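Going by numbering that gives the first Met the number 0, 86 is the number at position 87 of the sequence shown; the sequence numbering is gapless. Note that the Cβ used here is the ideal one computed from N, Cα and C, for glycine as well. Note that the structure is predicted; figures quoted are calculated from it, not measured.
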Amino acid sequence: MANTSVRIRIEATDLPGRSCPGAPGFPGYDDIHVAVQRRGRPQELLEPVAGDAAGAVWTLECTVKAGPDLLGPYVQGGPGARFVYLSWVAGGAEGFTMFRRAKLMLDAVPPGTVEAAVRGGLLVARLGLTDAKGHPLCAAVRPPLVAWSAGPDGTGA
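Structure below.
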């Protein structure tokens, strides 16, 4: 497979709100935002979205190498273990401070969906960003917490 391009579009709903109350072992945060974190530059965030927004959409440009293996400025990890970080940050006088991250695991995308995305040019991730406790979603995110689809309209066609 020759190197080709594909976009990853992350469509997020069910954001947890602008503040997250404290709990045992968790201090709580205000002025919460979520954004895609650039590889190797944790302070560089793509399009931060307020935690009380109705939804968020990010589009990432990627290169596909044999395997297929997705690479790009916002794709983290090594071959066979690639992922995209969604960083949760709290605002303050000094700017944003990261307090939690979610890893959208690209190795959990079904191979047929990746192949369809390469043909159609688009891989879509749809997910809610609030966990079962009402906090910002964190840790490794795989189906069923994220639905992956592909094609020019993200339907898998």
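Within the segment 24–109, the runs of beta strand (DSSP E) that reach at least 3 residues and sit entirely inside it are, in chain order, 31–37, 40–49, 54–64, 68–70, 82–89 and 96–104.
Residue burial annotation: R40 is exposed, with fewer than 16 other C-beta atoms found within 10 angstroms of its C-beta. The C-alpha of R100 is placed about 25 Å away from the C-alpha of T112.
Beta-bridge annotation (DSSP): R6 is paired with E60 and L121. When DSSP states are grouped into helix, strand and coil, A131 belongs to the coil group.
Distance from the CA atom of G21 to the CA atom of L85, rounded to whole angstroms, is 21 Å. In this structure the segment 17–36 lies against the segment 68–86, because at least three pairs of beta carbons, one per stretch, are closer than 8 Å. Taken atom to atom, the span from the alpha-carbon of E43 to that of M97 is near 11 Å. Per the C-alpha coordinates, the member of S18, R125 and G133 positioned closest to L144 is R125. For A149, the uninterrupted beta strand (DSSP E) segment begins and ends at V145 to A149.
For A139, the enclosing beta strand (DSSP E) has its first and last residue at A138 to V140. Around the Cβ of V56, a 10 Å sphere holds fewer than 16 other Cβ atoms; the residue is exposed.
Rounded to the nearest angstrom, the gap between the Cα atoms of F25 and A116 is 39 Å. For the set P142, G133 and A146, the Cα lying nearest the Cα of C19 is the one of G133.
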